[in-house]
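Just below is one structure, and these are the notes that go with it.
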Amino acid sequence: MEIVLGPILRLRAVEPDPARWRVSVLVVVHGAAAPVLTATGAAASIGAPELLAEQAGKRVWTIELDLRREAAAAEVVYSLGGAASWRFTVPATSERPRMAYGSCNGFSTMKLAKAQKEPFALWRELGEAHAQAPYHLLMLGGDQVYADSMWERIDELVEWSHRGSFLADLTPMSAGLADALERFYFELYCERWAQPPLAAVLATIPTMMMWDDHDIFDGWGSHPPARQRSPVFQGIFAAARRWFCVFQLQRRFEAPTGEFLAAGPNLGYAHRIDDLAIVALDLRSERSTTQVMSPAAWDAAFKWIDGQQGLAHLIVMTSIPVVFVDLAAVEDALGFVPGQQELEDDLRDHWCSRGHQGERLRLIHRLLDFGAARGTRVTIVSGDVHVAAIGVIESSRDDQLQVISQLISSGIMHPPAPAIVVYALGKLFSAGGAIDRGIELSMQAFPGGKRKLMAARNWLSLEPDAAWATSRKRLWANWHVERESEPYTKVIHPR
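Adding 278 to a residue's 1-based position in the sequence shown gives its number in our numbering.
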């Protein structure tokens with residue numbers, strides 16, 4: 279059996295039985311034979327291989343491992359019918375998972391890629407940290423691949439993009455272009471994720487992924503309505519969605535399961551691990567200039583959240599930061615700068631755009647209401663903006679002080695925003711302020727200094743207190759910044 283890509287681990291489910299730890303293993307192979315998975319080191323049952331997709335003589339398989347959590351952490355050693363083996367760790371029943379978070383795994387232009395001398399330096403660092411003290415879960419919050427090269431690599435798209443807007447919007451999706459897009463996304467994942475430093479991490483830490491625009495192409499959902507609805511754009515989205523489901527969710531798009539929170543097109547999902555819960559919101563499938571998620575998808579997400587009892591900490595993954603500066607002001611500030619700036623494409627793609635501000639306010643209110651009613655700490659983790667930062671939501675409504683932290687980590691491969699953009703962002707951090715009666719947004723300086731932005735590549739670890747199970751339900755957030763020997767640490771205390 280020749281392995282083209284993989285193995286790649288994904289956390290499949292924990293609830294309803296907290297003693298179970300279900301992980302799936304994805305592998306892409308040449309030929310028709312199904313892979314044979316063996317595993318040792320923990321009580322486990324191994325499911326039958328499931329064929330997810332085929333492309334150009336290659337097959338994508340996934341196999342589920344149903345593991346039991348025990349009083350002590352267990353190391354699982356697994357193999358796919360060959361001499362090579364990999365290992366991952368199942369947390370003990372008394373532990374909460376040690377987690378890592380990253381975003382922006384790639385480059386938006388070839389110029390940026392060629393300028394980066396060590397593109398996988400932080401993946402190597404994460405792998406080394408994992409070898410010293412294993413992480414149980416890797417959350418990847420968006421832009422796991424950068425698909426923007428399609429506009430140069432697919433000839434029919436190049437020709438289409440040079441047509442006038444009216445003609446382009448009416449051009450039907452050809453069978454040839456549909457096939458080219460299927461090949462493009464398949465090959466993109468196989469090429470990008472097979473790089474050794476990244477592949478080593480994906481094979482040894484179960485993942486929890488949610489997509490953002492570059493997994494489709496830059497700015498998806500924020501283009502003019504006629505262009506978003508055009509047959510070519512919709513055809514691109516269909517191919518991107520299919521391969522997102524296959525590679526990032528390890529699911530067949532044609533056979534959606536009850537894992538998703540909503541019954542419609544939204545692909546948001548959630549896991550509960552003892553008294554810790556993680557919700558991955560899909561902010562792209564239904565995105566337009568006037569909405570981020572549909573009312574039905576929001577209702578489904580909060581139905582799940584509101585149904586959680588006895589929760590100490592809720593982590594909400596939003597690819598786009600909920601707390602950040604008003605990028606429209608940055609756009610104005612950059613007006614005098616010649617040429618395109620790295621973040622310009624994202625300026626209309628954030629919560630601060632007028633069409634999304636009301637939706638953001640409702641999200642903030644719902645999270646505050648949930649935290650107050652259940653005595654649960656709520657934390658938001660995000661990426662996208664090519665800097666690390668700490669945002670804060672503070673509410674003094676009803677004479678009760680509540681705080682939600684917004685942890686931003688971006689990017690693990692993409693370089694930081696240009697200096698002029700970072701300067702403009704820094705000058706505009708005071709533009710947060712009150713967004714409703716008794717609710718204020720602000721940006722915090724990193725511990726030990728005055729910087730509110732970390733303009734360097736980075737990844738984040740979220741490490742529960744060792745005494746979590748008994749009393750101290752603190753979460754230690756550590757930003758691991760490139761070329762800095764020690765992380766920046768923020769402690770998130772329980773309510």
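Glycine included, C-beta positions come from ideal geometry on N, C-alpha and C.
Every value quoted in this text rests on a predicted model; they were computed, and no experiment measured them.
Got a sec? Which residues, its chain only, sit under 7 Å from residue i by beta carbon, not counting five neighbours each side?
{"i": "residue 431", "result": "462"}
{"i": "residue 315", "result": "303, 324, 341, 356, 358"}
{"i": "residue 757", "result": "666, 687, 732, 736, 738, 765, 766"}
{"i": "residue 282", "result": "306, 307, 308, 336, 468"}
{"i": "residue 714", "result": "639"}
{"i": "residue 547", "result": "537, 538, 539, 558"}
{"i": "residue 552", "result": "296, 374"}
{"i": "residue 564", "result": "543, 544, 571, 572, 575"}
{"i": "residue 402", "result": "475"}
{"i": "residue 716", "result": "673, 674, 675"}
{"i": "residue 438", "result": "446, 449, 510"}
{"i": "residue 312", "result": "327, 339"}
{"i": "residue 577", "result": "none"}
{"i": "residue 704", "result": "730, 731"}
Could you pull out every residue in the same chain whose Cβ sits closer than 6 Å to the Cβ of residue i, ignoring the five residues on either side in sequence?
{"i": "residue 656", "result": "592, 645, 649, 682"}
{"i": "residue 580", "result": "644"}
{"i": "residue 318", "result": "355"}
{"i": "residue 321", "result": "346"}
{"i": "residue 455", "result": "434"}
{"i": "residue 722", "result": "668, 670"}
{"i": "residue 620", "result": "Low confidence applies to residue 620: its pLDDT is 46, below 50, so where it sits in the model is not reliable, and the reading given next is rough at best. Same-chain partners within the cutoff: 695, 696."}
{"i": "residue 594", "result": "557, 658"}
{"i": "residue 746", "result": "374"}
Is it buried or exposed, residue i, if we count other Cβ atoms within 10 angstroms and call 16 or more buried?
{"i": "residue 395", "result": "exposed"}
{"i": "residue 728", "result": "exposed"}
{"i": "residue 674", "result": "exposed"}
{"i": "residue 769", "result": "exposed"}
{"i": "residue 345", "result": "buried"}
{"i": "residue 692", "result": "buried"}
{"i": "residue 279", "result": "exposed"}
{"i": "residue 486", "result": "buried"}
{"i": "residue 450", "result": "exposed"}
{"i": "residue 500", "result": "buried"}
{"i": "residue 444", "result": "exposed"}
{"i": "residue 750", "result": "exposed"}
{"i": "residue 761", "result": "exposed"}
{"i": "residue 679", "result": "exposed"}
{"i": "residue 711", "result": "exposed"}
{"i": "residue 301", "result": "buried"}
{"i": "residue 651", "result": "exposed"}
{"i": "residue 457", "result": "exposed"}
{"i": "residue 526", "result": "buried"}
{"i": "residue 512", "result": "exposed"}
{"i": "residue 584", "result": "exposed"}
{"i": "residue 420", "result": "buried"}
Could you say which of the options lies nearest to residue i if we only look at CA atoms?
{"i": "residue 574", "options": "552, 549, 366, 542", "result": "542"}
{"i": "residue 568", "options": "509, 631, 585", "result": "631"}
{"i": "residue 740", "options": "285, 404, 376", "result": "376"}
{"i": "residue 269", "options": "582, 524, 497", "result": "Because the chain here runs from 279 to 773, residue 269 falls outside it and cannot be looked at."}
{"i": "residue 379", "options": "720, 700, 479, 429", "result": "479"}
{"i": "residue 634", "options": "572, 578, 590, 577", "result": "572"}
{"i": "residue 495", "options": "457, 546, 409, 422", "result": "422"}
{"i": "residue 742", "options": "369, 334, 585, 310", "result": "369"}
{"i": "residue 382", "options": "476, 411, 516, 556", "result": "476"}
{"i": "residue 473", "options": "384, 647, 726", "result": "384"}
{"i": "residue 701", "options": "424, 718, 771, 603", "result": "603"}
Output needed for residue i: all residues of its chain with C-beta closer than 8 Å, excluding positions within five of it in sequence on either side, in chain order.
{"i": "residue 600", "result": "629, 638, 641, 642, 658, 660, 669, 671, 684"}
{"i": "residue 763", "result": "none"}
{"i": "residue 759", "result": "666, 732, 734, 735, 736, 765, 766"}
{"i": "residue 349", "result": "370, 371, 372"}
{"i": "residue 532", "result": "none"}
{"i": "residue 582", "result": "539, 548, 557"}
Could you tell me how far apart the beta carbons of residue i and residue j are, in whole angstroms, since I believe they sit closer than 8 Å?
{"i": "residue 773", "j": "residue 588", "result": "Wrong, their Cβ atoms sit about 13 Å apart, outside the cutoff."}
{"i": "residue 483", "j": "residue 408", "result": "6 Å"}
{"i": "residue 371", "j": "residue 291", "result": "Going by Cβ atoms, the distance from residue 371 to residue 291 rounds to 16 Å, so no, they are not a contact pair."}
{"i": "residue 490", "j": "residue 597", "result": "4 Å"}
{"i": "residue 492", "j": "residue 289", "result": "Their Cβ separation, rounded to whole angstroms, is 23 Å, which puts residue 492 and residue 289 out of contact at 8 Å."}
{"i": "residue 690", "j": "residue 415", "result": "About 16 Å; that fails the 8 Å criterion."}
{"i": "residue 464", "j": "residue 521", "result": "6 Å"}
Check the Cβ-Cβ distances between residue i and every residue of chain B, and say whether any is below 9 Å.
{"i": "residue 354", "result": "Within the model displayed, chain B is absent; a lone protein chain is all it includes."}
query: Which ranges would you report for the beta strand (DSSP E) in the segment 463-500 if only whole runs of at least 3 residues count?
result: 485-487
- prompt: Could you give the uninterrupted runs of the beta strand (DSSP E) lying entirely in the segment 365-402, keeping only those of 3 residues or more?
  reply: Runs found: 377-380.
- prompt: Of all the beta strand (DSSP E) runs that stay within the bounds of the segment 283-350, which reach a length of 3 or more residues?
  reply: 298-308, 316-318, 322-324, 328-333, 336-346
- request: Quick one: which unbroken beta strand (DSSP E) runs of 3-plus residues sit fully inside the segment 676-713? Chain order, please.
  value: 680-686
- prompt: At which residue ranges does the segment 392-461 contain complete alpha helix (DSSP H) runs of 4 or more residues, listed in the order of the chain?
  reply: 399-410, 428-431, 433-439, 443-448
field: Minimum length 3: unbroken beta strand (DSSP E) runs contained in the segment 523-594
entry: 547-551, 554-558
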